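Residue numbers (this note's numbering): 2 to 272. Even for Gly, the Cβ is constructed at its ideal location relative to N, Cα and C. Computed from a prediction, not measured in an experiment: that's the story for all the values here. Below: one structure, written as structure tokens.
Right, dumping it as structure tokens:
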């Protein structure tokens with residue numbers, strides 16, 4: 002069990018949700034149920050695939066108002082998040098049971114989702130804040146936040162963006178969404194980002210996009226934050242704004258250890 006606002010989200014759950022390409026309300030619904038189980042005595046998400054001592058399926062019942070207050074838009078006074086989320090996960094194979102019964106939601110995870118929630122020794126996970134998820138406005142923002150949260154406590158935190166595919170979701174068509182997500186999440190978490198596209202083996206298409214995180218506790222050394230050269234333009238996100246660097250601007254930053262300047266400013270904002 003985590004704190005009332007926080008819950009442990011396994012990397013396998015993160016990967017599963019990324020593959021499903023869910024809508025905003027679908028993600029909010031899944032995370033609300035996950036948080037409910039993680040903070041509810043006697044329940045463990047991975048145990049949802051089991052039966053009780055009488056051989057009956059374990060089905061959890063939660064008040065819709067509590068789920069909406071967990072990850073829904075602040076101030077919302079209806080259950081539209083749940084209704085829309087239910088429609089959007091209908092074919093995602095994440096729930097075996099998902100039923101609205103008046104003011105209550107009955108749910109049971111699918112085997113795939115229940116298995117993904119299992120805690121393993123040394124497995125990667127994120128401690129997510131449901132209050133932050135409630136502030137996010139797109140599935141890209143939730144996915145970016147989840148990946149950033151998973152690594153942000155490292156000395157040199159970095160991760161790769163999900164859903165970058167030259168054929169189905171090319172970087173040229175999706176980068177604005179990711180820049181917007183980085184701006185929103187960075188403002189909330191106090192992060193700045195260096196975003197580095199990487200080409201495939203034939204150097205024809207962007208196959209992966211690396212994100213490096215900078216905040217007050219990161220320990221980037223000279224030459225490790227910005228690449229010395231890049232086949233595709235490198236971008237930065239800081240203070241709610243994104244900027245694509247020219248080759249000259251990238252070269253000038255080769256020894257920088259911060260996004261917004263080469264030297265830490267003890268009295269200034271997070272760099």
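Kindly indicate which three-state DSSP category residue i falls into: helix, strand or coil?
{"i": "residue 92", "result": "coil"}
{"i": "residue 227", "result": "coil"}
{"i": "residue 37", "result": "helix"}
{"i": "residue 110", "result": "strand"}
{"i": "residue 15", "result": "helix"}
{"i": "residue 271", "result": "Note that residue 271 scores 44 on pLDDT, short of 50, meaning its location in the model is unreliable; the coordinates nonetheless yield the value given after this. Residue 271: coil per DSSP, three-state reduction."}
{"i": "residue 22", "result": "coil"}
{"i": "residue 212", "result": "strand"}
{"i": "residue 9", "result": "strand"}
{"i": "residue 2", "result": "Here the model assigns residue 2 a pLDDT of 46, short of 50, so the residue's position is not dependable, and the following value carries that caveat. Note: residue 2 maps to coil in three-state DSSP."}
{"i": "residue 116", "result": "helix"}
{"i": "residue 28", "result": "helix"}
{"i": "residue 252", "result": "helix"}
{"i": "residue 193", "result": "strand"}
Around the C-beta of residue i, are 16 or more other C-beta atoms found within 10 angstroms, so that it is buried, or is it exposed?
{"i": "residue 112", "result": "exposed"}
{"i": "residue 11", "result": "buried"}
{"i": "residue 8", "result": "buried"}
Spell out whether any CB of chain B is found under 7 Å from the CB atom of residue i.
{"i": "residue 135", "result": "Going by chain labels, chain B is absent from the structure shown, which holds only one protein chain."}
By alpha-carbon positions, which one of the options ends up nearest to residue i?
{"i": "residue 240", "options": "221, 261, 199", "result": "261"}
{"i": "residue 30", "options": "209, 110, 47", "result": "110"}
{"i": "residue 99", "options": "49, 195, 133", "result": "49"}
{"i": "residue 207", "options": "214, 213, 198", "result": "198"}
{"i": "residue 116", "options": "244, 16, 224", "result": "16"}
{"i": "residue 63", "options": "169, 236, 222, 42", "result": "42"}
{"i": "residue 74", "options": "84, 136, 130", "result": "136"}
{"i": "residue 24", "options": "180, 144, 231", "result": "144"}
{"i": "residue 254", "options": "225, 61, 232", "result": "225"}
{"i": "residue 160", "options": "215, 245, 95", "result": "215"}
{"i": "residue 95", "options": "178, 47, 65, 80", "result": "47"}
Could you tell me the boundaries of the alpha helix (DSSP H) in which residue i lies?
{"i": "residue 151", "result": "140-152"}
{"i": "residue 173", "result": "172-190"}
Note the first and the last residue of the continuous beta strand (DSSP E) segment covering residue i.
{"i": "residue 71", "result": "From DSSP, residue 71 is part of no beta strand (DSSP E) but of the alpha helix (DSSP H) over 65-72."}
{"i": "residue 244", "result": "242-245"}
{"i": "residue 129", "result": "126-130"}
Quiz item: Quick check: the segment 164-175 against the segment 207-223, are there 3 or more CB pairs under 8 Å?
Solution: yes
Quiz item: Between the segment 241-260 and the segment 183-190, do at least 3 Cβ pairs fall closer than 8 Å?
Solution: yes
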